[in-house]
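**Student:**
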Amino acid sequence: IGMAYSNPSGLLLSERLIDQIDDYLKLIDFGYYPTSALGAYGLTDQTAAAWEFIDYPESKKPLPEWPFSAVVILSNSYEGAAGWVEQMSALDPDRPIYLLVTAQAGPLLQPYYQSGQVAGMVSGMTEAAVVETLLDGEGQALVRWRSYQIGVLICLIVIVIGVILNGSELSTNERRVRS
149 IGMAYSNPSG LLLSERLIDQ IDDYLKLIDF GYYPTSALGA YGLTDQTAAA
199 WEFIDYPESK KPLPEWPFSA VVILSNSYEG AAGWVEQMSA LDPDRPIYLL
249 VTAQAGPLLQ PYYQSGQVAG MVSGMTEAAV VETLLDGEGQ ALVRWRSYQI
299 GVLICLIVIV IGVILNGSEL STNERRVRS
C-alpha cells in the first residue's frame, strides 16, 4: 500500500493510520505533493515524474511509479477528493478508485460514485460502522460510533432536565408575582 498526501498535515494523519494497520501490510510513504491535481496527474502520467516543482514546497520523494491495482482516497473535503477523482478517472478510467471521506464530503461526492468514476465509497462514521459490522463485527469505527451515540443521548438528557428545571422555576416565580 502506497500513501501520498496533498495536505501538509497528511504526514501526521498517515502516521496515525499506519499505526492502526496490521503489520503484515507493506506500506510505502510517497510523501507530500503540493496540490492534489499534481499528485493525481503524476500518479497516472509518468512523464510528470521528471517535472520540477517551482515555487512549491519540495517533496523529498519522487512521484510513485505506476501501476497500482487500485487507488484509495482519504479526504475530509469535497475539493480534495474531487481533484483526485477527476484527474485520475480522466487519465486512467479503468483503474478503480475508492473513497473514504467524511460525512460532510460524502453527499457532494455521490455523483462520482453514481457515474461510475468511483468504484466504492464510505462516507462518515455511520457508514464506516456499517461496513465494519458487515466485515468482521467489532472494530474501532463501531466503538467510536457507539461512544458518539451515548454522548448525544447524555446531551439530550441534560437538555430535557434543564427544560424541566427551568419550567418549574418559572411557575414558582409566577406564583410569587400573583401573591
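In our numbering, the protein residues as written are 149 to 327.
Virtual Cβ for every residue (Gly too), placed ideally from N, Cα, C.
On a predicted model such as this, the values are computed, not experimentally measured, just so you know.
Do Pro244 and Ala267 come within 8 Å of each other at the CB atom, strictly closer than that value?
**Tutor:** Here residue 267 corresponds to residue number 119 of the sequence shown, with the count starting at 1. Here residue 244 corresponds to residue number 96 of the sequence shown, with the count starting at 1. The answer is yes: Cβ separation under 8 Å.
**Student:** Nearest by alpha-carbon distance to Gly264: which of Met273, Pro241, Thr274 is it?
**Tutor:** Residue numbering aside, residue 264 sits at position 116 when the sequence shown is read from its first letter. It is Pro241.
**Student:** Please classify Gln235 as buried or exposed, where buried requires at least 16 other C-beta atoms within 10 Å of its C-beta.
**Tutor:** The sequence position of residue 235 within the sequence shown is 87, counting from 1. Result: buried.
**Student:** Going by DSSP, which residues form a beta bridge with Met236?
**Tutor:** Start at 1 with the first residue of the sequence shown, and residue 236 comes out as number 88. Answer is none; Met236 lacks a bridge partner.
**Student:** Helix, strand or coil for Ser263 per DSSP?
**Tutor:** The residue labelled residue 263 in the question sits at position 115 within the sequence shown. In this structure, Ser263 counts as helix in the three-state DSSP scheme.
**Student:** From this set, Ile298, Gly231, Tyr153, Ser157, which residue's C-alpha is nearest Phe178's C-alpha?
**Tutor:** Here residue 178 corresponds to residue number 30 of the sequence shown, with the count starting at 1. The option with the nearest alpha carbon to Phe178 is Tyr153.
**Student:** Consult DSSP for Ala230 and reduce its assignment to one of helix, strand or coil.
**Tutor:** Here residue 230 refers to the residue found at position 82 of the sequence shown. If DSSP states are grouped into helix, strand and coil, Ala230 belongs with the helices.
**Student:** Using 8 Å as the Cβ pair cut-off and three pairs as the minimum, do the region 250-260 and the region 272-287 touch?
**Tutor:** They touch, by the three-pair rule.
**Student:** Across which residues does DSSP place Tyr296 in a beta bridge pair?
**Tutor:** By 1-based counting over the sequence shown, the position of residue 296 is 148. Answer is none; Tyr296 lacks a bridge partner.
**Student:** In three-state terms, what does DSSP make of Ala253?
**Tutor:** Within the sequence shown, residue 253 is the residue found at index 105, counting from 1. Coil at Ala253, not helix or strand.
**Student:** Along the chain, where does the alpha helix (DSSP H) that runs through Ala277 open and close?
**Tutor:** Taking the sequence shown and counting its residues from 1, one reaches residue 277 at position 129. From DSSP, the alpha helix (DSSP H) with Ala277 extends over 272-283.
**Student:** Just curious, the beta strand (DSSP E) that Gly150 is in, first and last residue?
**Tutor:** As a working note, residue 150 is residue 2 in the sequence shown. Start and end: 150-153.
**Student:** Look at Leu239 and Ile221 and say whether their C-beta atoms are less than 8 Å apart.
**Tutor:** To locate residue 239, count along the sequence shown from 1; it is residue 91. To locate residue 221, count along the sequence shown from 1; it is residue 73. The answer is no: Cβ separation not under 8 Å.
**Student:** Quick one: what's Leu222 bridged to in DSSP?
**Tutor:** In the sequence shown, residue 222 corresponds to position 74, counting from 1. Answer by DSSP bridge pairing, in chain order: Leu248.
**Student:** Give the DSSP-derived three-state secondary structure of Gly310 in the structure shown.
**Tutor:** Along the sequence shown, one-based indexing puts residue 310 at 162. The answer is helix: DSSP assigns Gly310 an H, G or I state.
**Student:** Just confirm the distance between the C-beta atoms of Tyr180 and Leu159, as a whole number of angstroms; I'd bet it's less than 8 Å.
**Tutor:** Here residue 180 refers to the residue found at position 32 when the sequence shown is read from its first residue. Here residue 159 refers to the residue found at position 11 when the sequence shown is read from its first residue. About 7 Å separates the two Cβ atoms, so the contact holds.
**Student:** DSSP three-state call for Gly179: helix, strand or coil?
**Tutor:** In the sequence shown, residue 179 corresponds to position 31, counting from 1. Residue state, collapsed to three classes: strand.
**Student:** Classify Ala198 as helix, strand or coil using the three-state DSSP reduction.
**Tutor:** Against the sequence shown, residue 198 aligns to sequence position 50. Only weak support exists for where Ala198 lies, its pLDDT of 49 falling under 50; the coordinates are left without a value.
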